[in-house]
């Protein structure tokens, strides 16, 4: 990974889902929708923020759990179909990311970030993808790989 990033992003998923994506080298956001993935460019920094360990958990985790760099040029449809129960099945959109395999989760409140400086910073997470400053990305990556 390069030392500086021009652009970086924070995606919101459970730690369990972040680990699956990191193990397989891809990201999937907003239940497989394409829109947010179109904002990313090859070389952008990417961080997974996990509010919980598993989807639906009540106990908060609130940690950055994976870090990497976008490694492709455009979103693509997954080869497999996902079953969403009563919502039907679909093929999700994904992006490839080169994840740092040495990274470890870090509680977000242990970090001093521009992202979390505002009292209501968590409100922006509802969109599933939040821009990060290059400085915030560098701080997060350094903490996760220390």
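Residue numbers (our numbering): 111 to 256. Beta carbons are placed, not taken as given, at the ideal position from N, Cα and C, and that holds for glycine.
Can you grab the Cα-Cα spacing for the pair residue 247 / residue 206, in whole Å?
18 Å
Helix, strand or coil for residue 167? Go by DSSP, reduced to three states.
coil
Can you grab the Cα-Cα spacing for the pair residue 111 / residue 170, in whole Å?
For residue 111, the predicted structure reports a pLDDT of 48, less than 50, and the residue's modelled location is therefore unreliable. The matter cannot be settled from this model.
Within the same chain, show all residues whose beta-carbon is closer than 7 Å to that of residue 221, passing over the 5 residues directly before and after it, in chain order.
249, 250, 253
For residue 116, which option in 124, 139, 179 has the closest C-alpha, if you only look at C-alpha atoms?
179
Assign residue 201 to one of three DSSP states: helix, strand, or coil.
coil
Taking DSSP as the reference, what is the three-state secondary structure of residue 181?
coil
Here's the rule I'm using: 16 or more other beta-carbon atoms within 10 Å means buried, otherwise exposed. How should residue 193 be labelled?
exposed
Would you say residue 199 faces chain B, with C-beta separation under 8 Å as the test?
Of the protein chains in this structure there is only one, and it is not chain B.
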